[in-house]
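Residues in the sequence shown are numbered consecutively from 7, following my numbering. Virtual Cβ for every residue (Gly too), placed ideally from N, Cα, C. Report on one structure; see the data block that follows.
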Amino acid sequence: MTKIHDIRPRSAVLGAALALLACIPVQAAPFQLIYTGTFNNLDALNLASQSTPTFFTGNTPFTLTASFDTSSPNLAPSSPPAPPPFGGFRAYAPSLVQLTVGGTTFTVDSIATNPLAGVAVAVFDRNSFTPNRYGIGILQVPPQDGAGIVGDFAGASPDFTVNAITSTTFTNYYGVGHGSGVCIQGTGDNCQLNAVTPLVLHDSANRTFSLTLGNYDEDYPVLHDPANRLGPLNTARLVATPEPATFAMAGLTLALIGYLRRRRAFNQ
Numbered sequence: 007m008t009k010i011h012d013i014r015p016r017s018a019v020l021g022a023a024l025a026l027l028a029c030i031p032v033q034a035a036p037f038q039l040i041y042t043g044t045f046n047n048l049d050a051l052n053l054a055s056q057s058t059p060t061f062f063t064g065n066t067p068f069t070l071t072a073s074f075d076t077s078s079p080n081l082a083p084s085s086p087p088a089p090p091p092f093g094g095f096r097a098y099a100p101s102l103v104q105l106t107v108g109g110t111t112f113t114v115d116s117i118a119t120n121p122l123a124g125v126a127v128a129v130f131d132r133n134s135f136t137p138n139r140y141g142i143g144i145l146q147v148p149p150q151d152g153a154g155i156v157g158d159f160a161g162a163s164p165d166f167t168v169n170a171i172t173s174t175t176f177t178n179y180y181g182v183g184h185g186s187g188v189c190i191q192g193t194g195d196n197c198q199l200n201a202v203t204p205l206v207l208h209d210s211a212n213r214t215f216s217l218t219l220g221n222y223d224e225d226y227p228v229l230h231d232p233a234n235r236l237g238p239l240n241t242a243r244l245v246a247t248p249e250p251a252t253f254a255m256a257g258l259t260l261a262l263i264g265y266l267r268r269r270r271a272f273n274q
């Protein structure tokens, strides 16, 4: 009788454990973009209250991290399709964007809270980037190709498509494009004038800064286009990052399983 009495609670706990496991999302796909690059004397960083930009005096490395979830709405243009290289890519509203430069870490406004000056994470596969390469970076107002930084890579390991993003390291860096804002005169590669819309940054003291990007392309390690600049190496990778709720649910499930094992050992 004692054993029958003990089996029932264990069955109930096992059922609860399985139910918790079933609650762990399998379709959610949270990622973090980790991008390293370099600013130069065409880019500027200064307090937003300044009337004139303070340009970098030389090559200044930065690290960008942006957390996003592929279940968020795709912000890229779909109808009508955008012209190359901005057709068929994916753009996501990140939950957190941080930029570390010169030993200071800034929080960058997201497009979710600042639709005009906030940034989205833009992911291009070899079918949506020209010529047959991969692109990754951040963009304001993606349908209009706003201010941002997009790296150009010849490979990705492992391979992926924008419809099935996975953890990957972008390989064979080819170059990067920086842009100050949407084109207001001309179109595409023939743009004669861009708007200047600085990215909005905040430091740990909640002071507001402006990051003003120049309009230029850099090649690496040789100049593939005479109109471009020669720039240093950039790196990029996408890393799958389980959500905190997933960790908590898995931890609770493991604790329940451990409890079952201890009860079983005790009753034997």
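Just the Cα atoms here: how many angstroms apart are residue i and residue j?
i	j	result
F176	V206	27 angstroms
N234	G141	17 angstroms
P148	A82	6 angstroms
L102	L145	14 angstroms
S78	T63	38 angstroms
S216	T203	9 angstroms
N240	S55	30 angstroms
G237	N221	14 angstroms
D131	D209	33 angstroms
T218	A162	29 angstroms
I30	P59	Only weak support exists for where I30 lies, its pLDDT of 45 falling under 50; the value from the coordinates is given anyway. So the alpha carbons of these two residues sit roughly 48 angstroms apart.
G108	R213	16 angstroms
S57	V188	21 angstroms
L53	Q198	28 angstroms
P282	P232	Look at the range of the chain in this structure, 7 to 274, and you will see that residue 282 is not part of it.
T174	G143	14 angstroms
D151	D223	14 angstroms
Y180	A118	30 angstroms
A211	I190	35 angstroms
T172	A246	7 angstroms
N80	H230	32 angstroms
F135	P248	28 angstroms
Are residue i and residue j touching if we call contact CB-CB under 7 angstroms?
i	j	result
F95	T66	no
A123	A97	no
V125	G157	no
G154	G185	yes
L39	L244	yes
A201	Y41	no
A99	S116	yes
L105	L70	yes
G43	F68	yes
On the criterion of 16 or more Cβ atoms from any shown chain inside 10 Å, does residue i qualify as buried, or is it exposed?
i	result
A170	exposed
T111	exposed
D225	buried
V168	buried
V4	Past the boundaries of the shown model lies residue 4; the chain is included only from 7 to 274, so the question cannot be answered.
D165	exposed
D195	exposed
V114	buried
Rounded to the nearest angstrom, how far is the Cβ of residue i from that of residue j, given a contact under 8 angstroms?
i	j	result
D75	P36	5 angstroms
A160	N133	Incorrect: roughly 14 angstroms between the Cβ atoms, too far for contact.
Beta strand (DSSP E) segments (min. 3 residues) lying fully within the stretch 175-212
For the stretch 175-212, whole beta strand (DSSP E) runs of length 3 or above, ordered along the chain, are 189-191 and 205-208.
Every unbroken beta strand (DSSP E) inside the stretch 109-162 [3 residues or more]:
Correct list: 110-114, 126-130 and 140-145.
Restricting to runs no shorter than 3 residues, where is the beta strand (DSSP E) found entirely within the stretch 26-75?
Whole beta strand (DSSP E) segments, 3+ residues: 36-45, 50-53 and 66-75.
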